[in-house]
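Undergrad: Here's a structure for you.
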Amino acid sequence: MICNKCIELHWPIRQKALNDGLCIFHTSRENKACDVKTFNAKFFDLFSAYVSGGVRGKTYRQYNFDGIIFPGDIVFFAYFQKVARKPQISFKHCIYYGFSDFSNVVFHNSVMFTGSKFYSASYFTNAVFLENANFFDCKFNDVALFKNTIVNKKLNLARIHAKRNMVHIDGIDEDSVSKIMFDPSEVDAIQFSIQKWPENLYVERRAKDYFIKSETLYRCLKQKAATEHDQRMVSHWHYREKMMALAQLQGGAVWKPWKSITWWYYCCSGFGEDPKRAIKFFAGIFFAAFLVLCGFKLWETGWSPYPDWNKFFEIFAETLALIPLVKSGAVADPSKVSLIVPIKRFVVSLMQIPVSVQIALFAFALRNRFRR
Ligand SMILES: [Zn+2]
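Mind the numbering: the sequence shown is residues 4 to 375 in this note's numbering, read in order.
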């Protein structure tokens, strides 16, 4: 009698059923009636049958291991060393009672772990995913370690179920990190130990509604970094979050993004995180103020082909006087033009506002940079 589950899950190499209508791979842990070592040896035989093409010497494009219940610890590296061709590997809806060690395994083609349950630790240290790896809807009851793992296309961690910080993303390079897909709901489950983060994450580049989704994701990452007192990452995610908010504004056709506070916040100080941008913007304001004061001085003195250098240097003093706490005695000459005095005083007072605000923003950005 053939195993019902093998038929249901379209196994190309079907197995004989035991007394409960299921084969040794699909039957429950209690019903397997063999120790872990024997079971693993049987799994090795099944793997070898796929590699060699079974009795008829077929070429299997997909190695179907769906629904297997692994009763104890298993190390997969030795199995995968035998794979000469590049089949897809499917471990969908498997159950691992012992630890499952996929360390050092190179997956040449796509691999699916969708809907699997890992009751003990699982290891993907130094594993290489050359094509897509799908962990969608997986349940991790213990630590899942992705250490120095290489991701070439996409590692899907969407909708995984795990307790806080159970899934470790550790030491993975910048390029591979950018190919890991996860949503805001998975942020709590994943613990990141990463040297250098990529500029943007997977969801930002691929999702259709990426502005909103990415903003939420970056906000969640920021909140998590804040609870873990990682100020450097708080700053990083805050910047990305605001960039997404800005992208949403710029994506809107009717709304004029340059009118928004977010846009100005970005221009003035890089969301309070970029002192270089703040100082450049300050220089811009200062230069604009200088030009305005040049205009006033020209109004005051009238045009002459021979410049009065004393008057010219007064403009510098007047521009500097816009900075709070800097005092300057330079004022308009009341004997020349009477109207100019109040107008100039009014304009200068107005110009003092952006100068003061920008100095404050610069100080804020500088403080953020040094604190983190
Ligand atoms: Zn079966």
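Note that beta-carbon positions come from the ideal geometry of N, C-alpha and C, so glycine has one too.
On a predicted model such as this, the values are computed, not experimentally measured, just so you know.
Quick one: grab the DSSP three-state call for K199.
TA: Three-state DSSP puts K199 in coil, outside helix and strand.
Undergrad: May I ask you to report which of helix, strand or coil DSSP gives Q194?
TA: Three-state DSSP puts Q194 in a strand.
Undergrad: Taking Cβ to Cβ, would you say T117 is nearer than 9 Å to N151?
TA: Cβ atoms of T117 and N151: not closer than 9 Å.
Undergrad: How about F28: is its Cβ closer than 8 Å to a heavy atom in ligand 1?
TA: Yes, the Cβ of F28 comes within 8 Å of a heavy atom of ligand 1.
Undergrad: Which residues in the same chain have their Cβ closer than 8 Å to the Cβ of I343, if we skip the five residues on either side of it in sequence?
TA: Closer than 8 Å at Cβ, skipping near neighbours: F299, W302, E303 and A335.
Undergrad: Between the Cα of P15 and the Cα atoms of A36, V54, S217 and K40, which residue gives the shortest distance?
TA: Selected option, being the one with the closest Cα: V54.
Undergrad: With distances taken from CA atoms, which of T30, A81 and W240 is nearest D104?
TA: With distances taken between Cα atoms, D104 lies closest to A81.
Undergrad: When every heavy atom of ligand 1 is checked, does at least one fall within less than 8 Å of the C-beta of R32?
TA: R32 Cβ: outside cutoff for every heavy atom of ligand 1.
Undergrad: If you check the beta carbons only, do L252 and F289 fall under 9 Å apart?
TA: No; because the gap between Cβ atoms is not below 9 Å, this pair is not in contact.
Undergrad: Report the rounded CA-to-CA distance for G56 versus Y99, giving the unit in angstroms.
TA: Between G56 and Y99, the C-alpha separation is close to 26 Å.
Undergrad: Can you find the residues in the same chain that come closer than 6 Å, C-beta to C-beta, to A130, ignoring five residues on each side of it along the sequence?
TA: So the list reads F105, V108 and T152, once near-sequence residues are dropped.
Undergrad: Determine, using beta carbons only, whether I71 and C97 come nearer to each other than 9 Å.
TA: Contact flag set, yes.
Undergrad: Near D186, what residues of its chain come up, given a Cβ to Cβ distance below 8 Å and the 5 sequence neighbours on each side ignored?
TA: Excluding positions up to five away in sequence, the list reads A161, R162, V206, K216 and L220.
Undergrad: Which stretch, first to last residue, makes up the beta strand (DSSP E) that contains N67?
TA: Run containing N67: Q65 to N67, per the beta strand (DSSP E) assignment.
Undergrad: What does the alpha-carbon distance come out to for the pair V257 and I10?
TA: The predicted model places V257 with a pLDDT of 47, which falls under 50 and marks its position as unreliable; any figure quoted below should be read in that light. C-alpha separation (whole angstroms): 57 Å.
Undergrad: Identify every run of the beta strand (DSSP E) within the segment 74–147, keeping only runs that are complete inside it and at least 3 residues long; order them along the chain.
TA: Complete beta strand (DSSP E) runs here, min 3: 91–93.
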